[in-house]
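Undergrad:
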Amino acid sequence: MSKNNILIKSFFEYKMLARQHIDSFNYFINHDLQNILEANKYVESDIDPSFYIKYLNIRVTSPTVEENMLSYPIYPHECRLRDFNYSGNVYVDVEYTVNKEVAVKNNILLCKIPIMLRSEKCYLSKDEVKSECELDTGGYFVVKGVEKVVMMQEQLSKNRIIIDVDSKGNLVSSVTSSTYDKKSKTTIMMKNNVLYVKHNTFVEDIPFWIVVKALGILSDVEIISFIGEEIEILNFLSQTVEESVKQKIKGEKDALLFISKRMILDTNMEDCKSVLNDVLLPNIVSVGCPNRKRAIYLGIMARRLIQAHLGIFEKDDRDFVGNKRYELAGQLLSLLFEDQFKKYNSDLKKSIDKILTKNSRAQQFDALLYMNLQSNLITVAFSRAISTGNWNLKRFKMERSGVSHVLSRLSYTSALGMVTRVCSQFEKNMKTSGPRALNTSSWGLLCPNDTPEGESCGLIKSLALMAEITTDEVEEKKLNMIENVLYDIGMINIETANCNIYSKDTYLVFHNGSILGVTKNTDFMIQTLRKMRRSGEISKFISIDKNDKNKSIYISSDGGRICRPLLIVKDKKLLIEEEDYEFLKNKYKNLEDLYCEGKLEFLDANESKSCLIALNESEITENTTHMEIEPYTILGYVAGIIPFPHHNQSPRNTYQCAMGKQAMGIISYNQNNRFDTQLNTLVYAQRPLVSTETTKIVNFDKLPAGQNAMIAVMSYSGYDIEDAIILNKASVERGFGRCSIFKTTSVSLKKYSTGFTDTLLPGDNTYKFKCLDSDGVIKPGEKVKQNQILANKHIPTENYGEYKPSREVFKGAEAIVDKVLVTRSGDDKILIKILLRETRIPEVGDKFSSRHGQKGVVGLIANPENMPFTEDGIVPDLIMNPHGFPSRMTVGKILELINGKAALFKGIQDATAFAENKTESICNILRENGYNYSGKDVLIDGITGEVMKVYVFFGPVFYQKLKHMVADKIHARARGKRTMLTRQPTEGRCREGGLRLGEMERDCLVGYGASNLLKERLLYSSDIFETFIVHICGILASENLCSLCKKGNNIKVKIPYAFKLLLQELMSMNIYPKLEFK
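Per full-length UniProt numbering, the very first residue in the sequence shown carries number 1; after that it's consecutive.
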């Protein structure tokens, strides 16, 4: 193991695979809940001024469930089996008035919220639970028995000045302000060389100069100093100043009067002033003069816009990773809780006011009774949001769908991929390439390969191996400490600065987008802050970015920034020493020690711009500031499993990222105890002979998805064209590619308000009921066939005491009943889960793939005696066509085969991306063991018995069996079901539908003039219908009489029923479709 791999191993011992979600949820539990409670801690009555409720404290417990008047801990596995929510109780302590006296009550149940697996409140983080897989990543919720993961959401950064182009193609300078209780967008735009301010509280755009004067800045000279005194800027501002003079705005009152007439709501001057204070740039907080800082900030926005117009600077790149923020589960749940908690308090206040209006009350009024009655409000909102994935918050006007998804358990890799997936907010049908393109700033932060094909390409991404997402700075003291340190090292407060803030050696200082001050000791300030960060005095995730173009220093400590760890270089030397690696290896030190010793630090995309980062020690120069821990960390969890990815054409790695998630294997250690809707497992999964460092990190070697197959690269029989593969029948019989498909059928017995319940009845000895036990449920171990009954359920009818059948029928060829579970669900129904097992052996048409995007279906399963074999008598498990290599350029697969062959003698070989090229030494291993240097072997033809006159590339390659199998897709029918409306055959395999002859197929037959075939397909085999048409008026009629002309003379015709339906629908809309005969 290389020394830096020791560091990476230590990183993942210290942090979990789903650490981003887990850290975010822990922050929500420990800090956000308390902050929201503090912001909304009073509930007061309008009726009785002496009455109040004050929230004192809030806490969350580990998950429990109450049954039979007892409360006991519940674990995730039981929740999955019984369709429960894995949720903890939220308790509050309150102070309130009862009969004019103050009382304090502790441990009042506020609600239940879902607990994320492996978070602080989850039992799995405290000790190992027998029923759970120890390698489970966590980072997801269990709601109603279903595993749900809240996807990371990519958003544009808040509280930052962004120069961009609007929908009309004009340059604008905008800031989306976001504070704990306010959100708004302020935009400065240009019309006819005049600056205007646009805001959602204004009916029309307000001239910039008038807005600044309304903020209390009356001197034109002072306003100009906020924007800049350069000649080109002054020339540009002349028309903006003239616009203010035209409107006869002289002082603050004139400006406020002008704006108040252009507000959405009718306001006077005082209200207008308070609206400007509250809503215009709410992220800017002034200490001295109330609005001076806001005016300066508007000036900076205007300056940037003018400079962009003059071509001094380009517009900002919206797709730059530093301009993005990533919302995780914790932040989204925090928004949801805040919205629902406000609603809870509002409803509580209404209920209390309603009671207090009644003068005569039968019993003493106790507000806690109403709190207990409302405890279900927040619980249901959380459960519904995570179940449906819809985040609808009226307060923030947020309406998002698809926020949470069912955790994909197709394979261990697919579950791993989902917890690191990032979703963009762009529409999938947008044709723009910008957001989809791989931005250079995503190096080491986002995986360059792991993205889907098709409409979501580039919009759905995955995090890189060591990427971290920051949470907000916890304590206000720490934030104030940063500001105090800045003042101590020479920063001048922007509100009291007398100097020209845009002079040559002056830099503006921003903290989380808000302007703080100016400094002339730029380098000293940055060095001091970095020194403090490296010594642990301030948070290791704080970013210090010096921007020489804008002459600004940006300090960021907000949440949602994506960053990564790097080794620090000073004077051409790494600060980390050899003994540090030894200490890490022996666990005398951890990564936290290295951060505090200043040998390792986190950088985000903004700070990385001003750093020179070397890939390895040989690239370190005088100006180098940092070095990569390992180059392969730029890849994500899924792409890192690919052997030799740097030798493959890039799209092939992207294909493998998608197919690796569809590969069958071992999904978890507890897979035999699970009752998932569908579970695909490989019977004889193997650890790959050629592995990577990422494989060990993500535990793929412990939960593999594939088998090491001996492959021969040669043409054989013609059944291997177009990527098809030939399988050895003997290998298939020994278990190659054999898989078990588990499917769960659920039956619940409801209890009705009438007092009756659903019931199970035993069946008779007929074919349908043959497998049922005496209790009306199928027996474990039974072989069940098409249309046999799994559970003979009966439900009560409207007639008192009568029942009708509502049976659960098996649809499929054949399966074995693996297990039957009988339990009670969360809503107190009897729940029966039947697990069916189907063992599938590879057949012609099943899909296989290597780890290099080389997918193919089985073209032939050949008898072993007909297959070629080596001098040692080894028959290949699989034959692959050599034409799959040249155009695909998957050199990584060739290297995997050679390394796999060497692994048979020397053990598992390393194939990590960007590692040292060891091909020559590997080839020497083959030669030393009596094999050809290039990996080729002499093969003997199994049919003729002659030695083949060609060397064949032969050796082991790790192959994956994918979920796409013929048994799930094969479909044909002669006659069958029809739809009620059109009388045409139903659509789809699950409905036993017909095979559609579409428009293109019809056009082909028309081109060939095959009219009888067309007539047979589109009429006789579809929806032929006999009816009568009146010869005179040309409409549909009955056999004897026309409703229009009241005459007979009806002609019998054969037409499609769908056409007859169309005619009738047109007639219902007063359209007369007249048919003429020729």
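Quick reminder that beta carbons are idealized off the backbone N, C-alpha and C, glycines included.
What distance in whole Å lies between the Cβ atoms of leucine 1036 and leucine 1063, which are believed to be in contact at a cut-off of 8 Å?
TA: To locate residue 1063, count along the sequence shown from 1; it is residue 1063. To locate residue 1036, count along the sequence shown from 1; it is residue 1036. About 6 Å separates the two Cβ atoms, so the contact holds.
Undergrad: Could you tell me which residues DSSP pairs with arginine 978 in its beta bridges?
TA: Your numbering for residue 978 matches position 978 in the sequence shown. DSSP, once it has assigned bridges, lists Pro985 as partnering arginine 978.
Undergrad: Confirm, please, whether the CB-CB distance from alanine 911 to tyrosine 632 is below 8 Å.
TA: Within the sequence shown, numbered from 1, the residue matching residue 632 stands at position 632. Within the sequence shown, numbered from 1, the residue matching residue 911 stands at position 911. No, they are not a contact pair.
Undergrad: Which residues bound the beta strand (DSSP E) around phenylalanine 141?
TA: As a first step, residue 141 is located in the sequence shown; it is residue number 141 there, counting from the start. Element bounds for phenylalanine 141: 141-143.
Undergrad: Are the CB atoms of asparagine 283 and serine 178 within a distance shorter than 8 Å?
TA: Locating residue 178 in the sequence shown gives position 178, where the first residue counts as 1. Locating residue 283 in the sequence shown gives position 283, where the first residue counts as 1. Contact: yes.
Undergrad: Buried or exposed for arginine 989, going by 16 or more other Cβ atoms inside 10 Å?
TA: On the sequence shown, position 989 is the one that residue 989 refers to. Arginine 989 comes out exposed.
Undergrad: Where do the ends of the beta strand (DSSP E) carrying arginine 292 lie?
TA: Counting from one through the sequence shown, the residue named residue 292 turns up at place 292. Not the beta strand (DSSP E): arginine 292 falls in the alpha helix (DSSP H), residues 292-309.
Undergrad: Looking at leucine 81: is its Cβ nearer than 8 Å to the Cβ of threonine 681?
TA: As a first step, residue 81 is located in the sequence shown; it is residue number 81 there, counting from the start. As a first step, residue 681 is located in the sequence shown; it is residue number 681 there, counting from the start. Contact: no.
Undergrad: Is the CB-CB distance between isoleucine 206 and methionine 301 below 8 Å?
TA: Reading the sequence shown from its first residue, position 206 is the one you call residue 206. Reading the sequence shown from its first residue, position 301 is the one you call residue 301. Cβ distance not < 8 Å, so isoleucine 206 and methionine 301 don't count as in contact.
Undergrad: Kindly indicate the opening and closing residues of the beta strand (DSSP E) around lysine 121.
TA: As a first step, residue 121 must be located in the sequence shown, where it is residue number 121. Secondary structure note for lysine 121: it is in no beta strand (DSSP E), with a DSSP letter that is neither H nor E.
Undergrad: Write down every uninterrupted run of the beta strand (DSSP E) in the region 352-385 whose length is 3 residues or greater and which is fully enclosed by it, in chain order.
TA: none
Undergrad: Quick one: is cysteine 79 buried, meaning 16 or more other Cβ sit within 10 Å of its Cβ, or exposed?
TA: Against the sequence shown, residue 79 aligns to sequence position 79. When all chains shown are included, cysteine 79 counts as buried.
Undergrad: Comparing C-alpha positions only, which one of Glu577, Arg837 and Gln239 sits nearest to serine 740?
TA: Within the sequence shown, residue 740 is the residue found at index 740, counting from 1. For serine 740, the closest C-alpha among the options Glu577, Arg837 and Gln239 is that of Arg837.
Undergrad: May I ask you to verify whether the region 312-326 touches the region 4-13, counting CB pairs closer than 8 Å and requiring at least 3?
TA: Output reads no: the region 4-13 does not touch the region 312-326.
Undergrad: May I ask you to check if the CB of phenylalanine 382 is nearer than 7 Å to at least one heavy atom of the ligand FMN?
TA: Absence of the ligand FMN from the depicted structure is noted, as is the absence of any ligand whatsoever, leaving it without description.
Undergrad: Using the DSSP secondary-structure output, state which residues sit across from histidine 405 in a beta bridge.
TA: Translated into the one-based positions of the sequence shown, residue 405 becomes position 405. Answer by DSSP bridge pairing, in chain order: Val149.
Undergrad: Check whether the Cβ atoms of lysine 599 and leucine 575 sit closer than 8 Å, and answer yes or no.
TA: Sequence index remark: in the sequence shown, residue 599 carries index 599 (1-based). Sequence index remark: in the sequence shown, residue 575 carries index 575 (1-based). For lysine 599 and leucine 575, yes; Cβs fall inside 8 Å.
Undergrad: Going straight from the alpha carbon of leucine 878 to that of glycine 640, what length do you get?
TA: Taking the sequence shown and counting its residues from 1, one reaches residue 878 at position 878. Taking the sequence shown and counting its residues from 1, one reaches residue 640 at position 640. Cα to Cα, the separation comes out at about 25 Å.
Undergrad: Could you check how far apart the C-beta atoms of residue 1082 and serine 535 are, in whole angstroms? I think they sit under 8 Å.
TA: Look at the range of the chain in this structure, 1 to 1078, and you will see that residue 1082 is not part of it.
Undergrad: Less than 8 Å separating the beta-carbons of aspartate 164 and aspartate 366?
TA: On the sequence shown, residue 164 is found 164 positions in, with the first residue counted as 1. On the sequence shown, residue 366 is found 366 positions in, with the first residue counted as 1. Contact: no.
Undergrad: What residues match up with threonine 745 in a beta bridge as DSSP calls it?
TA: Against the sequence shown, residue 745 aligns to sequence position 745. In the DSSP output, where bridge partners are listed per residue, threonine 745 has Ile834.
Undergrad: Kindly indicate which residue of Ser850, Met532, Leu410 and Val858 has the alpha-carbon position closest to the one of lysine 743.
TA: Here residue 743 corresponds to residue number 743 of the sequence shown, with the count starting at 1. It is Leu410 whose Cα lies nearest to the Cα of lysine 743.
Undergrad: Quick one: Cα of phenylalanine 396 to Cα of lysine 183, how far?
TA: On the sequence shown, residue 396 is found 396 positions in, with the first residue counted as 1. On the sequence shown, residue 183 is found 183 positions in, with the first residue counted as 1. Each residue's alpha carbon lies about 8 Å from the other.
Undergrad: Let me know if methionine 430 comes out buried or exposed under the rule of 16 or more other beta-carbons within 10 Å of its beta-carbon.
TA: Counting from 1 along the sequence shown, the entry for residue 430 is found at position 430. Per the 10 Å Cβ criterion, exposed.
Undergrad: Tell me the residue span of the beta strand (DSSP E) that contains alanine 815.
TA: Counting from one through the sequence shown, the residue named residue 815 turns up at place 815. It spans 814-824 - the beta strand (DSSP E) in which alanine 815 sits, taken as one unbroken run.
Undergrad: Let me know if cysteine 1004 comes out buried or exposed under the rule of 16 or more other beta-carbons within 10 Å of its beta-carbon.
TA: Residue mapping note: residue 1004 aligns to position 1004 of the sequence shown, counting from 1. Per the 10 Å Cβ criterion, exposed.
Undergrad: Report the rounded CA-to-CA distance for methionine 1067 versus tyrosine 1020, giving the unit in angstroms.
TA: Within the sequence shown, residue 1067 is the residue found at index 1067, counting from 1. Within the sequence shown, residue 1020 is the residue found at index 1020, counting from 1. Distance between the alpha carbons of methionine 1067 and tyrosine 1020: 26 Å.
Undergrad: Quick check on methionine 69: does DSSP put it in helix, strand or coil?
TA: Counted from its first residue, the sequence shown places residue 69 at position 69. Residue state, collapsed to three classes: coil.
Undergrad: Could you pull out every residue in the same chain whose Cβ sits closer than 7 Å to the Cβ of cysteine 423, ignoring the five residues on either side in sequence?
TA: Within the sequence shown, numbered from 1, the residue matching residue 423 stands at position 423. Within its own chain, the residues whose Cβ lies closer than 7 Å to the Cβ of cysteine 423, once the five positions on either side in sequence are excluded, are Met151, Met152, Gln153, Glu154 and Ile460, listed in chain order.
Undergrad: Report yes or no: do the region 707-716 and the region 25-39 share at least 3 C-beta pairs separated by less than 8 Å?
TA: No: the two stretches stay apart, fewer than three of their Cβ pairs being nearer than 8 Å.
Undergrad: Beta carbon of alanine 295, beta carbon of valine 419: below 8 Å?
TA: In the sequence shown, counting from the first residue as 1, residue 295 sits at position 295. In the sequence shown, counting from the first residue as 1, residue 419 sits at position 419. Taking 8 Å as the Cβ cut-off, alanine 295 and valine 419 do not qualify as a contacting pair.
Undergrad: Ignore the nearest five residues each way along the sequence and tell me which others in glycine 434's own chain have a CB closer than 8 Å to its CB.
TA: Your numbering for residue 434 matches position 434 in the sequence shown. These residues qualify, in order along the chain: Arg318 and Asp319.
Undergrad: With H, G and I counted as helix, E and B as strand and the rest as coil, what does DSSP make of methionine 948?
TA: Taking the first residue of the sequence shown as 1, we reach residue 948 at position 948. Collapsing the DSSP output to three states places methionine 948 in a strand.
Undergrad: At what residues does the beta strand (DSSP E) containing histidine 199 begin and finish?
TA: In the sequence shown, residue 199 corresponds to position 199, counting from 1. Its beta strand (DSSP E) spans residues 194-199.
Undergrad: For isoleucine 894, count neighbouring C-beta atoms within 10 Å of its own C-beta (all shown protein chains included) and say buried if the count is 16 or more, exposed if not.
TA: Your numbering for residue 894 matches position 894 in the sequence shown. Buried, since its Cβ has 16 or more Cβ neighbours within 10 Å.
Undergrad: Run through the UniProt domain "RNA polymerase Rpb2" (993-1076) for me and flag every whole beta strand (DSSP E) of 3 or more residues, listed as ranges in chain order.
TA: 1024-1030 and 1050-1056
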